[in-house]
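Numbered according to the numbering used here, the sequence shown spans residues 1316 to 1383.
Using N, Cα and C, we set each Cβ at its ideal position, and we do this for glycine too.
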Amino acid sequence: MAVIGYSESLTNIYSIEMMAKWVARFLDGAFRLPSVARMEQSAAEWGRRKKGFLAEWFQPYGAVDYAD
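So, in structure tokens, the structure goes:
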């Protein structure tokens, strides 16, 4: 079972359709995700923009976080 989402309006129906197609192809075996270790390595390469790990975990990102 895969939960894809729901359509709030007609403008969202196209993005919901793309998500449904992606999940269907994934479940059909058309492509494979990278290993967990590779995904963790990739995520570790992303830069941190908040000051402190609690802010990184719990505060939403805003325009100020990207103003370097």
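A straight-line Cα-Cα distance of about 32 Å links Gln-1374 and Lys-1336.
In terms of CA proximity to Lys-1365, Asp-1383 leads the group Val-1351, Asp-1383, Val-1338, Ala-1317. Where Glu-1355 is concerned, the enclosing alpha helix (DSSP H) starts and stops at 1351 to 1359. Judged by DSSP in its simplified three-state form, Tyr-1376 adopts coil rather than helix or strand.
For the 7 Å CB-CB criterion, Val-1338 and Ala-1370 do not form a contact.
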